[in-house]
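Letter by letter, the sequence shown follows residues 662 to 996 of our numbering. The beta carbon of each residue, even a glycine, is placed where N, CA and C say it ideally should be. What follows is a set of notes on a single structure, which appears directly below.
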Amino acid sequence: MNIKNISVGSLIVLAITLAGCSANPVTGKKDFTLISKDEETAMGAQGHRDILKTMKRYNNASLQAYVNGIGQALARKSHRSGIRYTFTVLDDPSVNAFALPGGYIYITTGLMAYLNSEGELAGVLGHEIGHVTARHGVKQQSASIASAILLDILAKKTSAGNARSLNQFGTALIRGYGRDHELQADQLGAEYLARVGYQPQSMIDVVRVLKAQEEFDKLQARQEGRKPRAYHGVFSTHPSNDKRLQQVIGAAKRFKSAGTRSTNHDGYLKHINGMKYRIDKRHNGRIVVGRATTRGLTYAKLARRSKVGEQRLRLLNGMFPKGQPVHGRLVKIIN
Ligand SMILES: [Zn+2]
662 MNIKNISVGS LIVLAITLAG CSANPVTGKK DFTLISKDEE TAMGAQGHRD ILKTMKRYNN
722 ASLQAYVNGI GQALARKSHR SGIRYTFTVL DDPSVNAFAL PGGYIYITTG LMAYLNSEGE
782 LAGVLGHEIG HVTARHGVKQ QSASIASAIL LDILAKKTSA GNARSLNQFG TALIRGYGRD
842 HELQADQLGA EYLARVGYQP QSMIDVVRVL KAQEEFDKLQ ARQEGRKPRA YHGVFSTHPS
902 NDKRLQQVIG AAKRFKSAGT RSTNHDGYLK HINGMKYRID KRHNGRIVVG RATTRGLTYA
962 KLARRSKVGE QRLRLLNGMF PKGQPVHGRL VKIIN
């Protein structure tokens, strides 16, 4: 039997008769999910153990506490403040953040190196909290269980396949859930930012950081004569031209608390001063933060004191492709 002949409608009917629905914390509407809240927490806890077996927690208590503090403040203002959230900084050079069902949220040192304010950090965490509160991971998991069940019925197999797919974790990359879920996570993230007091605009800045990574890689790929890395389809256009993104984030400005807290460029940079940074496969460096006090300071001049080149310094400082250090502001170099 050809699986393509099965309509989505029959898949949903089948799955609903097998299990049921639960109310979505964000919309309050009944959701098509096969997983209860307790199962979700258990899945998350198991996934958390699996992640810490393959990836390392970054060994710096004060940085972990800083990230956790901001994450908890956002989570308290979220649509699911009743569950326990865990925020973990992973010692990993990939530029990544992700969430597991049940409130387990991760950000890599690789991504933290490229952020330039506490507002941006809160934007990343708020986006991931949005995936948890809207139960995107659970929905994704339910969809894959439903299709596994369907496949099993079609193939007249036992339920072993269901158990297997339950154990598979959808650990999505920062933009790995598909456009609609990503946009909803951005919307929720912006709302949580505003409720805590940050500018919802920081959410756009985060998208800009990711877009710059993609552009930088394209430039490098051209120079090295290779294909650019496949990103999770961040955006086809620049985030500031994306109307839907502008709209959902703009909506968060209605909260009176929006923008009452500093985006805190300096505070964030001071926290990541000294953080490990992967230069390439064989070389590690550290982030060194200093103030641009010399007149006419350029990234070309800073590159002479740094272990990475001019363009990567721009990327690290949110100035790619053609900015220069702002006089009197803090800048990062790599040593
Ligand atoms: Zn996402």
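query: Range covered by the alpha helix (DSSP H) that runs through Ala855; result: 840 to 857
query: contact_flag[the segment 749 to 759, the segment 839 to 853] where n(CB pairs < 8 angstroms) is 3 or more; result: no
query: Glu875 CB to nearest heavy atom of ligand 1 below 7 angstroms; result: no
query: Beta-carbon proximity check, Pro762 vs Gly689, cutoff 8 angstroms; result: no
query: Beta-carbon proximity list for Lys738, same chain, < 7 angstroms, skipping 5 on both sides; result: Tyr853, Arg856, Val857
query: Ala722, buried or exposed, once every other Cβ within 10 Å from all chains shown has been counted against 16; result: exposed
query: Any non-hydrogen atom of ligand 1 closer than 7 angstroms to Glu843 Cβ; result: yes
query: Reduced DSSP category for Asn777 - H, G, I as helix; E, B as strand; rest coil; result: coil
query: Residues sharing a beta bridge with Leu991, DSSP; result: Arg952
query: Reference Pro686, options Ile910, Met716, Ala795, closest by Cα; result: Ala795
query: Collapsed DSSP secondary structure at Asn685 in the structure displayed; result: coil
query: Contiguous beta strand (DSSP E) assignments of at least 3 residues, all confined to the segment 681 to 758; result: 682 to 684, 691 to 693, 747 to 751
query: Beta-carbon gap between Leu977 and Tyr775 smaller than 8 angstroms; result: yes
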